[in-house]
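J.: Mind looking over this structure? Questions follow.
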Amino acid sequence: MPTLIHITGLLGSVTRPGRLRRALSEALDRAEAGGAAEVELIDLADRRIAFADGRPLAALDDDTEAVVTALARADAVVLATPVYRGSMAGALKNLLDQVPVAALRDKPTAIVAMGGSDHHFLGAERHLRDVLSFFGAHSLPNAAYLNGRDFSAGDPSERAARELDELLAAAIALAGALPELAPLGPAPLGARF
Numbered sequence: 004m005p006t007l008i009h010i011t012g013l014l015g016s017v018t019r020p021g022r023l024r025r026a027l028s029e030a031l032d033r034a035e036a037g038g039a040a041e042v043e044l045i046d047l048a049d050r051r052i053a054f055a056d057g058r059p060l061a062a063l064d065d066d067t068e069a070v071v072t073a074l075a076r077a078d079a080v081v082l083a084t085p086v087y088r089g090s091m092a093g094a095l096k097n098l099l100d101q102v103p104v105a106a107l108r109d110k111p112t113a114i115v116a117m118g119g120s121d122h123h124f125l126g127a128e129r130h131l132r133d134v135l136s137f138f139g140a141h142s143l144p145n146a147a148y149l150n151g152r153d154f155s156a157g158d159p160s161e162r163a164a165r166e167l168d169e170l171l172a173a174a175i176a177l178a179g180a181l182p183e184l185a186p187l188g189p190a191p192l193g194a195r196f
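Each step along the sequence shown adds one to the number in the numbering used here, with nothing skipped, and position 138 is 141.
Shown next as structure tokens:
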């Protein structure tokens, strides 16, 4: 029997509970029900994360170290964020500022963003790709983008669910294939320090 791929979904918003959380949670549940993955959902609205001020993770008396540890032990990560001011949520960026390079290096990483309209579809994705390249993470080539039209009474549409399912299937496939591949290029710049 193949090894299960451990996927950690990180919802980078502090707004409860929200449509994006429901869509991500349901997609993770479907991925787990498919039998190829075990999943974990971390919702930053439920966690206390310190401001990135240079203190070591072990010196913090909140959930920061546990969240970073969960990202590090995952085989693949899904980063989901609402679009704020044309970029990712500040809570997500703050957490990523505290993650060591080794936690995301060479890790398949999927991006999900949700905005009020299609006009912002590249904002959060573009900024997350820039940050993920610092870690040397393997960002999937396509991201999922959702907006209000993708929901009815809080339920994700069939199109939105299908797009998230395809994204998670790609992350699972890449995570399963990476151990057999040679390193995909040089170490990221962030690993030099």
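All C-beta atoms, glycine included, are put in the ideal place defined by N, C-alpha and C.
Kindly indicate which three-state DSSP category leucine 31 falls into: helix, strand or coil?
T.: Counting from 1 along the sequence shown, the entry for residue 31 is found at position 28. Three-state result, leucine 31: helix.
J.: Within the continuous beta strand (DSSP E) that includes isoleucine 8, where are the two ends?
T.: As a first step, residue 8 must be located in the sequence shown, where it is residue number 5. From DSSP, the beta strand (DSSP E) with isoleucine 8 extends over 8-14.
J.: So alanine 79 and alanine 178 are supposed to be a Cβ contact under 8 Å. How far apart are they, rounded?
T.: For the purposes of this step, residue 79 is taken as residue 76 along the sequence shown, with counting starting at 1. For the purposes of this step, residue 178 is taken as residue 175 along the sequence shown, with counting starting at 1. About 4 Å; that satisfies the 8 Å criterion.
J.: Which word fits alanine 77, buried or exposed, when buried means at least 16 other C-beta atoms lie within 10 angstroms of its C-beta?
T.: Residue 77 sits at position 74 when you count from the first residue of the sequence shown. It is buried - the Cβ of alanine 77 has at least 16 other Cβ atoms within 10 Å.
J.: Please look up how many angstroms separate the CB atoms of glycine 139 and aspartate 109, rounded, as I've assumed it's under 8 Å.
T.: Numbered from its first residue, the sequence shown carries residue 139 at position 136. Numbered from its first residue, the sequence shown carries residue 109 at position 106. Confirmed, Cβ separation roughly 6 Å.
J.: Assign glycine 151 to one of two classes, buried (16 or more other C-beta atoms within 10 Å of its C-beta) or exposed (fewer than that).
T.: Residue numbering aside, residue 151 sits at position 148 when the sequence shown is read from its first letter. The residue is exposed, with fewer than 16 neighbouring Cβ atoms inside 10 Å.
J.: Measure the beta-carbon distance from alanine 26 to alanine 116 and round it to whole angstroms, keeping in mind my assumption that it falls under 8 Å.
T.: To locate residue 26, count along the sequence shown from 1; it is residue 23. To locate residue 116, count along the sequence shown from 1; it is residue 113. Not a contact, Cβ separation roughly 11 Å.
J.: Please state if the CB of leucine 44 and the CB of leucine 23 are separated by a distance shorter than 8 Å.
T.: The count along the sequence shown starts at 1 and reaches residue 23 at position 20. The count along the sequence shown starts at 1 and reaches residue 44 at position 41. Taking 8 Å as the Cβ cut-off, leucine 23 and leucine 44 do not qualify as a contacting pair.
J.: Helix, strand or coil, according to DSSP, for asparagine 145 in the structure here?
T.: Numbered from 1 along the sequence shown, position 142 holds the residue referred to as residue 145. Here asparagine 145 sits in coil by DSSP.
J.: Skipping 5 residues on each side, what residues in its chain have a beta carbon closer than 7 Å to that of aspartate 168?
T.: Against the sequence shown, residue 168 aligns to sequence position 165. So the qualifying residues of the chain are Ala30, Arg33.
J.: For alanine 180, count neighbouring C-beta atoms within 10 Å of its own C-beta (all shown protein chains included) and say buried if the count is 16 or more, exposed if not.
T.: The residue you call residue 180 lines up with position 177 of the sequence shown. Answer is exposed; the Cβ neighbour count stays below 16.
J.: Just list the residues that DSSP pairs leucine 44 with in beta bridges.
T.: For this step, residue 44 is matched to residue 41 along the sequence shown. Leucine 44 is bridged to Gly12.
J.: Let's test the definition: count the other Cβ atoms within 10 Å of the Cβ of serine 136 and tell me whether it reaches 16, buried, or not, exposed.
T.: In the sequence shown, counting from the first residue as 1, residue 136 sits at position 133. Serine 136 is exposed by the Cβ-count criterion.
J.: Could you tell me the boundaries of the beta strand (DSSP E) in which leucine 184 lies?
T.: Here the question's residue 184 lines up with position 181 in the sequence shown. Per DSSP, leucine 184 belongs to no beta strand (DSSP E) and is neither H nor E.
J.: Enumerate, from N- to C-terminal direction, the unbroken alpha helix (DSSP H) stretches of 4 or more residues contained entirely within the region 109-173.
T.: Here the runs fully enclosed are 126-138.
J.: Suppose you measure from the CA of alanine 75 to the CA of aspartate 121; what does that come to, to the nearest Å?
T.: Within the sequence shown, residue 75 is the residue found at index 72, counting from 1. Within the sequence shown, residue 121 is the residue found at index 118, counting from 1. Taking the straight line joining both Cα atoms gives about 32 Å.
J.: Does DSSP put valine 81 in a helix, in a strand, or in coil?
T.: The count along the sequence shown starts at 1 and reaches residue 81 at position 78. Strand, per DSSP.
J.: Indicate whether arginine 88 and alanine 48 have their beta-carbon atoms separated by less than 8 Å.
T.: Here residue 88 corresponds to residue number 85 of the sequence shown, with the count starting at 1. Here residue 48 corresponds to residue number 45 of the sequence shown, with the count starting at 1. Cβ atoms of arginine 88 and alanine 48: not closer than 8 Å.
J.: I need the straight-line Cα distance from alanine 92 to valine 81, nearest angstrom please.
T.: Start at 1 with the first residue of the sequence shown, and residue 92 comes out as number 89. Start at 1 with the first residue of the sequence shown, and residue 81 comes out as number 78. Approximately 15 Å between the Cα atoms of the pair.
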